[in-house]
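In my numbering, the protein residues as written are 58 to 477. Heads up, the beta-carbon is just placed ideally off N, CA and C, and yes, glycines get one too. Let me begin by presenting the structure, written as structure tokens, before commenting on it.
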Ligand SMILES: Cc1cc2nc3c(=O)[nH]c(=O)nc-3n(C[C@H](O)[C@H](O)[C@H](O)COP(=O)(O)OP(=O)(O)OC[C@H]3O[C@@H](n4cnc5c(N)ncnc54)[C@H](O)[C@@H]3O)c2cc1C
């Protein structure tokens, strides 16, 4: 039997959770061999494909993970999809521990009549297109004049910012310019942001609301905002204050869409025959209909039933342990909640569970071969971290003026450039 120090560990998903977990495990088990698989040719999951293109300071979190790969503490194996190129059982045969960090990749659907009408889009669909996700290459924005956003969390606020901003707001970003130009050629005239909660309890960060207020764009109003409760917690007070500033008559009148914010608005029906025409909301005891040419739902994310790992990630749990030698972390464990830094604490607690299983003898290595034991077709296909650096350099060097990178929107092309 080999020593626990020489464990072969496979992590599925190179998003923040997978990377934080690899960091934690490489500290606790410095002689272990860690491979992080991802179905995409690039690492970093939603940092690259979810975080807004005009929030490069957040995307810079990826720098924290550079040393993990350049030091050899973990190996990246991109363009390997578990379920297509390898099964979970294949991984379990070759690795002592397998950890799912595969996130939750599809938009949660609203469970109301009309939710599947043409003209209803999920926020993830749009944020992926704005980030040139390889599965969104063909998407075009087609929102029309009246857009209703259902949800008021940070992703909803990212979408609202995109709908109100003009071209000057994207300097030093890596936005998909084709999608942006198509939107700006016929932007929304009116946007409604609908929150189920009161202003104070809605989900967005006060900072994100302030960012909207600081943009010299759009006019905001709300007939349903209530005064802040000074006894509420600090975040709630700050959120109410940020909304009050947004709706203040003193805020300079700015060009761009008219934005109304509805609080306490429960969507009950999406209206339309063969395309969305409006959304019906229950607001207190009243029913309100907001006309809409399109609806964007920003109500969370879910496990993709087509992902063969979905049965293991559909139900959130507090423990990351699925069985001896099989674990999960990040959104695949906790559900679609929490910002990037929360995945760090989550990964640390899962690493502790792995270490506890080793200490108790529940998990003990039996001479498995890890990545080296996988079929050569898989090993040869994998995009390595050095390959990714080649692709990264290519994207930076081909950036248009005022952009930090030009993300390739085509998976095959990405792989080709990565492999040199
Ligand atoms: C639109 C959006 C914007 C966000 N903006 C911010 C923000 O500004 N700031 C912030 O702090 N947080 C933000 N978040 C939250 C943050 O992105 C998440 O907390 C974090 O990405 C979750 O990390 P994860 O590693 O669990 O999942 P992910 O980041 O989704 O990573 C999962 C990885 O697993 C891979 N994978 C999935 N299935 C397989 C498979 N079968 N085989 C191989 N690989 C697979 C995927 O390709 C992906 O790379 C945002 C989230 C979204 C959706």
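If you draw a 10 Å sphere on the C-beta of residue 160, you find 16 or more other C-beta atoms in it, and that means buried. Using a Cβ distance threshold of 9 Å, residue 158 and residue 70 count as a contacting pair.
Per DSSP, the continuous alpha helix (DSSP H) segment holding residue 411 begins and ends at 399-417.
As computed with DSSP, residue 203 is found in a beta bridge with 247. Runs of beta strand (DSSP E) with 3 or more residues, each lying fully within the region 107-163, are found at 131-134 and 154-157, listed in chain order. Separation of residue 352 and residue 128 (C-alpha to C-alpha, rounded to the nearest whole angstrom) is 46 Å. The DSSP-derived three-state label of residue 359 is strand.
The three-state secondary structure of residue 396, taken from DSSP, is coil. DSSP places residue 322 within a strand segment (E or B) once states are collapsed to three. Listed as beta-bridge partners of residue 179 by DSSP are 354.
At the C-beta level, residue 355 and residue 210 come within 9 Å of one another. Contact between the region 91-108 and the region 130-137 is present: three or more C-beta pairs spanning the two stretches fall below 8 Å. Cβ contact annotation for residue 229 (same chain, cutoff 8 Å, sequence separation greater than five): 113, 459, 460 and 461, in chain order. Taking the CA atoms as reference points, residue 254 sits about 44 Å from residue 470. Residue 456 and residue 233 have their C-alpha atoms some 11 Å from each other. In the three-state reduction of the DSSP assignment, residue 339 falls in the strand class, which pools E and B. Annotation: the continuous alpha helix (DSSP H) that includes residue 239 extends over 234-242. Inclusion of residue 422 and residue 65 in the CB contact set at 9 Å is warranted, their separation being smaller than that value. Relative to ligand 1, the nearest heavy atom lies less than 8 Å away from the CB of residue 398. Shown here, residue 385 sits in a strand according to DSSP, grouped into three states. Beta-bridge annotation (DSSP): residue 67 is paired with 92 and 155.
For residue 315, the three-state secondary structure derived from DSSP is strand.
Boundaries of the beta strand (DSSP E) harbouring residue 277: 276-278, taken from the DSSP string. Note that the region 110-124 does not touch the region 163-172; fewer than 3 beta-carbon pairs, one per stretch, sit closer than 8 Å. C-alpha of residue 448 to C-alpha of residue 338: approximately 46 Å in a straight line. Distance from the C-beta of residue 347 to the nearest heavy atom of ligand 1 is not below 8 Å.
Residue 96 has its Cβ nearer than 8 Å to a heavy atom of ligand 1. Taking C-beta separations shorter than 6 Å and ignoring five residues to either side along the sequence, the partners of residue 302 in its chain run 270, following chain order. Taking a C-beta distance under 9 Å as the contact criterion, residue 143 and residue 251 do not qualify as a contact pair. Note on residue 473: under 16 other CB atoms within 10 angstroms of its CB, so exposed under the neighbour-count rule. Membership of residue 436 in the alpha helix (DSSP H) is indicated by the continuous run 433-438. Fewer than three beta-carbon pairs drawn from the region 384-404 and the region 180-195 are found closer than 8 Å, and the two stretches are therefore not classed as touching. Ligand 1 approaches residue 73 closely enough that one of its heavy atoms is under 8 Å from the residue's Cβ.
For residue 301, the enclosing alpha helix (DSSP H) starts and ends at 291-304. In this structure, residue 387 has its CB closer than 8 Å to one or more heavy atoms of ligand 1.
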